[in-house]
Amino acid sequence: MNPKTTALRVGLRRGAIELRSTFTNAQDLWSYFFPTLVLLVAVFFMRGATVPGTDFSLGARTLPSALGMGLLFLGLLGLAQHLVVDREDGTLLRAKAIPNGMLGYLVGKLVLVSSVAMIGLIIQLAPGVFFLDGLRLGDASAWLTLAWLVPLGLAATLPLGAMIGSLIENPRNTGLVVLPMMGLIGVSGIFYPIDGLPGWLQGTAQVFPLYWLGLGMRSALLPADLAAVEIGASWRHLEMVAVLGAWAVLGFVLAPVLLRRMARRESGSRVAARREQAMQRVG
Amino acid sequence: MTTVERPEAVAAPRNPDDQLVLDVRDLRMRYGTVDVLNGIDLTAQRGEVIALLGPNGAGKTTTIEILEGFRLPSAGSVRVLGVDPAHGDERWRAQIGVVLQSWRDHGRWRVRDLLSHLGDYYTPYATDQIQRPWPVDDLLAAVGLTAHANARVSRLSGGQRRRLDVAVGIVGRPELLFLDEPTVGLDPAARREFHELVHRLADLDHTTILLTTHDLAEAEKLADLIVILANGRIIAQGSPDQLSRRLTTDAEIRWTCDGQRHVHATMDATGFLRDLLREHGDRVQELEVRRANLEDAYLALVHEEETGIRTGWAERVWQQQEETR
Chain A
1 MNPKTTALRV GLRRGAIELR STFTNAQDLW SYFFPTLVLL VAVFFMRGAT VPGTDFSLGA
61 RTLPSALGMG LLFLGLLGLA QHLVVDREDG TLLRAKAIPN GMLGYLVGKL VLVSSVAMIG
121 LIIQLAPGVF FLDGLRLGDA SAWLTLAWLV PLGLAATLPL GAMIGSLIEN PRNTGLVVLP
181 MMGLIGVSGI FYPIDGLPGW LQGTAQVFPL YWLGLGMRSA LLPADLAAVE IGASWRHLEM
241 VAVLGAWAVL GFVLAPVLLR RMARRESGSR VAARREQAMQ RVG
Chain B
1001 MTTVERPEAV AAPRNPDDQL VLDVRDLRMR YGTVDVLNGI DLTAQRGEVI ALLGPNGAGK
1061 TTTIEILEGF RLPSAGSVRV LGVDPAHGDE RWRAQIGVVL QSWRDHGRWR VRDLLSHLGD
1121 YYTPYATDQI QRPWPVDDLL AAVGLTAHAN ARVSRLSGGQ RRRLDVAVGI VGRPELLFLD
1181 EPTVGLDPAA RREFHELVHR LADLDHTTIL LTTHDLAEAE KLADLIVILA NGRIIAQGSP
1241 DQLSRRLTTD AEIRWTCDGQ RHVHATMDAT GFLRDLLREH GDRVQELEVR RANLEDAYLA
1301 LVHEEETGIR TGWAERVWQQ QEETR
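These protein sequence lines are chains A and B, in that order.
Terminal number for the first sequence in the numbering used here: 283, no gaps in between.
Terminal number for the second sequence in the numbering used here: 1325, no gaps in between.
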C-alpha cells in the first residue's frame, strides 16, 4: 500500500487510541466536565435575568454562546497545548524519526482534538436539557445547522491552534495565548449581548471567529425570533460562513508552513535542552 | 549492500560496488563563530559497530544528529545509505533506526500498543529480504519486555524504559541504527543486557550501528571501530586492539634509590633503564615500568577537556600514534 495512505490510516488509529486513553483518565475527564460545572453555576445565577428587550431567559441564551467558546477552548487551545507538550516530552521527535510519522501524528492529533471538542459540546449541552427552557433541541433544523457549523468552526480554529502550538516553545508560555482570549471572550457576546459596547469594539470582535461561533450556536439552538436582538437583527449566516471560511483558508495556508518549520527544527539536543529547563523548574 | 537493490529509492547516483553505509568527508559545523566540528571523516561498512567516544562537548551528538538528518551541517559531504541526510525521503528514513533519549513521551500508552502502532508505519517498506516491521512479540522478547507488554509506559523502570527506546529504534528493522549515549542511567545488569542486544543486532541481522558514549570500557566492549573525538576533531581511531597497541610509546618508570622514590616518563624505556642501571647498579630497587594504557590516555584527555587545563599531554600521545601508524 502507498506509504502516505498507510500513515493516514495509522494516524486515524492513533487518534482512536489516544481518545480512548483520554476518556479513561481521571484528570482529563475532570477538565472536560469542569466547564459544564462552571456553566451550570453561571446559568444558575442568571436564572432571574432575561435577554434585554425580550422575556427570554438570559441563561438559555448563554448556554449556546458558551458552546461556541467551548469549541475554541477544546479545539484551538487543546491542539496548541498538545503540540507544545508533545514537543517538550519528545513525542514529536519520535514521530519525526519514523517514516511519515509526522503525517500520522498530525492526523491522530486532529482526530483526537476534534472528537474531544465535539464530545465536549455534548457534555456541556446535556445539563441544558434539564435546566433550561427554550432550546430547540428537538428540532431537526437545529442539528442541521450544527452539522455544518461545528466542522466549519473546527476548520477555522484548529489551524490557528496548530500555528500557536508550533510557535510556543515553552509550556509555561501558553498563558500568553489564554490571556488575550479571555479579553476576546469579554467582547464577543458570549455571556451578554454586545450591542451596548462601542462600535469599534464590536467591529474588532467580529473580525475573530469566536463571535461567529457563539452567534452560530445561538442560531442553531435558540428560537428564530431571538435573531431580532442580534446585530443586524439577523443570524447573518452568510457573513458567518465568509468570516469563518476566511480564517480556515488563512489557517490552511499558514499552518503547514509553521508546522514544517517546527518539525524541521526538532532534534534530540533540543528535546534534551527543554528537559533540562523543565527539570530546573521542578527541582 | 541492500540500498543498492532499490534503484527507485532516491536521487543521488550510486556506485553498485559501494559497500559504505556511512561515508562522511570533511564534515564541519559552526554555530555563530564557534566551530563544533572541524572536519570529520568517517566511513562504515555494513554490519560494523562504530563507537564515537569523547568527553561532553566533543561533538558526538552534533555528528550523530547530522547523520540522522535532524541537523544541517555547515560544510562537508555526508552520505548515509548513499543519500544526503538533508534530503533523505521517507523511504530512506524507513531504513534508519534512531534510539532517542527518552523522557515522558507516550507515557499513557501500553508497551505493546505503542510498538505495534509505531511498527505499522514501516509496513509499506518491507522488501523481499527484510520483513518490516519486526513482529511485536519477537521484538518484545528480543529486548526483554515480554513480561511488561501490557504495562503503561509511564510505569516502566528506567532500564525497562531504555529497552523500550531501543525497541522503538529497531521496530522497523533498520539497516543502520543510531544510538546516542544508550546506556546512560542503566544499572550494570541492564547495561550488560543492552550490550548483548547490540552484539545480536550486529551479528545476526548485520545491522550497522553507530553509537556515542563517553565510557571507554563500553566502546571497547561493543565496537569494531572506536573513533575518539575531542574539540570537534577525530584525534584517534582504530579497533580497540589497534588503539591500545599504538599506545606503547610512552612509559612511566618508577624506582627507589637509596631509599628515595623516583618517577620518570620516557618514550625510550629500554635506553633509560640501561643508563640507569649502569650508573646506579644494585642501588636501584623496586623497579617498575608501566606503559600508558588506553584508559590512561583517554582519561587524561577527558580531564583536560573538563578542567579546561590543557597540558597537551593527552593530545601529544594520540598524535604520536597517528604518526607511528
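We treat Cβ as the ideally placed atom computed from N, Cα and C, and that holds for glycine.
> Which chain A residues are close to B/T1183, counting only those with a beta carbon under 7 Å from its beta carbon?
Replying inline: In chain order: nothing, as chain A lies at least about 16 Å away.
>> For B/L1052 and B/V1227, which I take to be in contact (beta-carbon distance under 8 Å), what is that distance rounded to the nearest angstrom?
In response: 5 Å
> Between the Cα of A/D55 and the Cα atoms of A/R270, A/R264, A/P35 and A/D225, which residue gives the shortest distance?
Replying inline: A/D225
>> Give me the chain B residues within the contact set of A/D89, using Cβ-Cβ distance strictly less than 7 Å, ordered along the chain.
In response: W1103, R1104 and D1105
>> Residues of chain A with CB closer than 8 Å to the CB of B/L1145, please, in chain order.
In response: Neighbours of B/L1145 on chain A: none; closest Cβ ~17 Å, over 8 Å.
> Beta-carbon separation of A/G165 and A/L79 under 8 Å?
Replying inline: yes
> Quick one: any contact between the region 1112-1121 of chain B and the region 96-107 of chain A, if contact means 3 or more CB pairs under 8 Å?
Replying inline: yes
>> Within a Cβ cutoff of 7 Å, which residues of the same chain sit near B/Q1237, ignoring the five residues on either side of it in sequence?
In response: L1225, I1226, V1227 and I1228
> CB-CB under 7 Å to B/E1193, same chain, minus the five flanking residues each way: which ones, in chain order?
Replying inline: G1144
> How about A/P209 and A/V253: are their beta carbons less than 8 Å apart?
Replying inline: no
>> Which residues in chain B have a C-beta closer than 7 Å to the C-beta of A/A284? List them in chain order.
In response: Residue numbering for chain A in the displayed model covers 1 to 283; residue 284 of chain A lies beyond these limits and cannot be assessed.
> Under a Cβ-count criterion, where at least 16 other Cβ atoms within 10 Å of its own Cβ denotes burial, should A/T5 be classed as buried or exposed?
Replying inline: exposed
>> Counting only C-beta atoms, is B/D1084 closer than 8 Å to chain A at any point?
In response: no
>> Just list the residues that DSSP pairs B/H1087 with in beta bridges.
In response: According to DSSP, B/H1087 bridges with nothing at all.
> Should A/W235 go down as buried or exposed, given a rule of 16 or more other Cβ atoms within 10 Å for buried?
Replying inline: buried
> Whose C-alpha, out of B/E1068, B/E1196 and B/L1042, is nearest the C-alpha of A/R265?
Replying inline: B/E1068
> Counting along the chain, where does the alpha helix (DSSP H) carrying B/I1226 start and finish?
Replying inline: Counting along the chain, B/I1226 falls outside any alpha helix (DSSP H), though it belongs to the beta strand (DSSP E) covering L1225 to A1230.
> Count the other CB atoms within 10 Å of the CB of A/A7; is the residue buried (16 or more) or exposed (fewer)?
Replying inline: buried
> DSSP state of B/G1238, grouped into three classes?
Replying inline: strand
>> Nearest by alpha-carbon distance to B/R1025: which of B/A1044, B/Y1031 and B/G1032 is it?
In response: B/A1044
> Can you check whether the CB of A/L58 is closer than 8 Å to the CB of A/S135?
Replying inline: The residue asked about is misnamed: residue 135 of chain A is Leu in this sequence, not Ser. No, the pair does not count as a contact, with Cβ atoms beyond the cut-off.
> Comparing alpha-carbon positions, which option in B/H1206, B/P1055 and B/L1140 lies nearest B/A1297?
Replying inline: B/P1055
>> According to DSSP, is B/W1255 part of a helix, a strand, or is it coil?
In response: strand
> What does A/E266 reach in chain B if we use C-beta pairs closer than 9 Å?
Replying inline: F1070
>> With a threshold of 8 Å between beta-carbons, can A/P3 be considered close to chain B, or not?
In response: yes
> Does the Cβ-Cβ distance between B/L1179 and B/V1099 come in under 8 Å?
Replying inline: yes
>> B/T1063 and B/L1037 - do their beta-carbons sit closer together than 8 Å?
In response: yes
>> Quick check: A/D133 and A/A60, are their CB atoms within less than 8 Å of each other?
In response: yes
> For the beta strand (DSSP E) that contains B/Q1045, what are its first and last residues?
Replying inline: V1034 to Q1045
>> Can you confirm whether B/E1286, when its beta carbon is compared against all beta carbons of chain A, has any partner nearer than 8 Å?
In response: no
> What three-state label does DSSP hand B/T1307 in the structure shown?
Replying inline: helix
> If you check the beta carbons only, do A/G104 and A/G161 fall under 8 Å apart?
Replying inline: no
> How about B/R1093: is its C-beta nearer than 8 Å to some C-beta of chain A?
Replying inline: yes
> Going straight from the alpha carbon of B/H1087 to that of A/D89, what length do you get?
Replying inline: 26 Å
>> Tell me which residues of the region 1127-1155 of chain B have at least one Cβ-Cβ distance to chain A shorter than 8 Å, keeping chain order.
In response: none
>> Could you pull the DSSP bridge partners for A/I17 from this structure?
In response: Its beta-bridge partners do not exist; DSSP assigns none.
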